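Undergrad: Per numbering that gives the first Met the number 0, the sequence shown starts with residue 0, numbered consecutively.
Here it is: the structure, laid out below.
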Amino acid sequence: MTEEFPYLAVAFYKYVPIEEADIFAVRHLKYCQRLGILGRIIVADEGINGQLSGTVSQCEHYMSDLISDPRFEGTDFKIDAVERLAFQKIHVRYKPEIVHSSLRHIDVSKRTGKHLKASEFKELKNREDVVILDVRSNYEHHIGRFKGALTLDIENFRDFPDKLKELEAFKDKTVVTYCTGGIKCEKASAFLLEQGFKDVYQLDGGILKYAKEGGGEDFDGKCYVFDGRVVIDVNTVNPTLVSTCIHCGTPSARMVNCVNELCNEQFVLCEGCGWQWNGACSVACMDVAERAYDGTGYYTK
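Laid out in structure tokens, this is it:
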């Protein structure tokens with residue numbers, strides 16, 4: 000795999016207390032700059048969350064150095080070989096949480112949903128008494144989701160607690176949460192347990208790890224990722240396409256940002272409509288857009 004493509008894309012997280020996390024973030028940025036690796040890393044008092052890209056050597060060096068720190072021992076890396084770098088810059092930032100959840104009071108080291116391996120998830124997901132819950136945002140599950148999964152109308156994960164009333168009907172069922180890489184499920188499943196749900200699980204490592212271990216079976220569509228690839232294939236068993244172009248309804252998984260920077264909405268846009276609409280989600284945005292559509296719909300700040 001690494002012989003065919005010269006670069007890697009790596010996603011990881013670790014909930015672990017980090018003392019003086021703000022100082023750690025500054026030092027970690029300097030380390031990444033020396034190493035020459037690119038990506039986006041969030042550091043908080045509660046842990047670390049990162050998406051990186053670099054040469055095979057750079058990524059292996061980074062992963063080896065990270066787990067050599069006892070705090071990050073056992074970190075689970077989701078690794079893909081890629082044709083080109085998935086990031087253009089390196090950012091390491093200190094934030095209140097490693098994923099914005101509005102659930103800062105929850106300590107996942109004390110209680111969270113039971114982790115399911117790919118094989119265990121396959122056994123559970125089709126049972127009538129089991130609810131497969133997608134805790135990702137609208138734009139993510141619009142592109143792809145597990146067959147029969149319950150999706151939520153949320154723009155950001157921080158809105159997840161607001162959906163509690165909708166989920167109350169499943170309190171006595173087995174609930175299995177899933178997300179892209181597992182990080183959101185840690186807090187989502189812990190929150191459900193806190194609210195009285197009795198039998199709560201989470202897909203270990205999320206969709207990305209399931210794709211590696213289970214072939215992505217029964218994941219319909221594509222998977223949204225937080226790097227320059229935007230969407231990736233994860234199902235090699237029974238792949239389908241579930242998303243359609245916002246303008247013409249043609250089946251497509253081509254995800255773009257609106258050419259109007261003030262809008263910047265992410266939506267599905269086929270290549271033909273991309274040029275016809277100049278990368279805009281509406282006539283209004285097409286008329287006021289200041290940045291130029293170049294055929295990709297991917298804009299760097």
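Positions of the beta carbon are idealized from the N, C-alpha and C atoms, including for glycine.
Predicted model only: the values in this text are computed from it and were never measured.
1. I'd like the span of the alpha helix (DSSP H) that includes K172, first residue to last.
2. Who are the Cβ neighbours of V9 in its own chain at under 6 Å, not counting the five residues just before and after it?
3. Please classify I206: is it buried, with 16 or more other beta-carbons within 10 angstroms of its beta-carbon, or exposed?
4. What are the boundary residues of the alpha helix (DSSP H) that R33 is part of?
5. Suppose the cutoff is 7 Å on Cβ atoms and the five residues either side in sequence are ignored; what does the same chain contact list for T54 look like?
6. Do F159 and V134 come within 7 Å of each other at the CB atom, strictly closer than that value?
7. Classify V282: buried if its beta carbon has 16 or more other beta carbons within 10 angstroms, exposed otherwise.
8. Nearest-angstrom Cα distance between A80 and L166?
9. When burial is assigned at 16 or more other CB atoms within 10 Å of the CB, is C31 buried or exposed?
10. Cutting at 6 Å between CB atoms, please list the residues of its own chain near L132, excluding the five before and the five after it.
11. Within 8 Å, do at least three Cβ pairs link the region 237–253 to the region 118–133?
12. What are the residues that DSSP puts in a beta bridge with N256?
13. If I follow the unbroken alpha helix (DSSP H) through D64, where does it start and stop?
14. Whose CA, out of V233, G296, V255, E193, lies closest to the CA of E216?
15. What is the DSSP secondary structure of K88, counted as helix, strand or coil?
16. Just curious, the beta strand (DSSP E) that V98 is in, first and last residue?
17. DSSP three-state label for M0, please.
18. So is V236 buried or exposed if we call it buried at 16+ other beta carbons inside 10 Å?
19. Would you call the region 177–185 and the region 197–211 in contact, with 3 or more CB pairs under 8 Å?
20. Enumerate in chain order the residues of its own chain whose CB-to-CB distance from I142 is below 8 Å, with the five nearest sequence positions on each side excluded.
21. Would you mind giving the Cβ-Cβ distance between G46 and Y12, rounded to the nearest angstrom? I have them listed as a contact below 8 Å.
22. With DSSP as the reference, label P367 as helix, strand or coil.
TA: Considering the structure as presented:
1. Element bounds for K172: n/a, residue is neither H nor E.
2. L51, C58, F76, I78
3. buried
4. Taken as a continuous stretch (DSSP letters only), the alpha helix (DSSP H) holding R33 covers 20–34.
5. P5, Y6
6. yes
7. exposed
8. 38 Å
9. buried
10. Spatial neighbours of L132 in its own chain (CB-CB distance under 6 Å, excluding positions within 5 residues in sequence) are listed in chain order as L149, V174, T176.
11. No, because fewer than three Cβ pairs between the region 118–133 and the region 237–253 fall closer than 8 Å, the two stretches do not touch.
12. Q265
13. 55–67
14. V233
15. coil
16. Premise fails: V98 is in no beta strand (DSSP E) and is neither H nor E.
17. In this predicted model, M0 has a pLDDT of only 41, less than 50, meaning its place in the structure is not dependable; the value taken from the coordinates is given anyway. Judged by DSSP in its simplified three-state form, M0 adopts coil rather than helix or strand.
18. exposed
19. yes
20. These residues qualify, in order along the chain: G220, K221, C222, Y223, V230, V241, S242, A252, M254, V267.
21. 7 Å
22. Coverage of the chain is limited to positions 0 through 300, which leaves residue 367 absent and any answer about it impossible.
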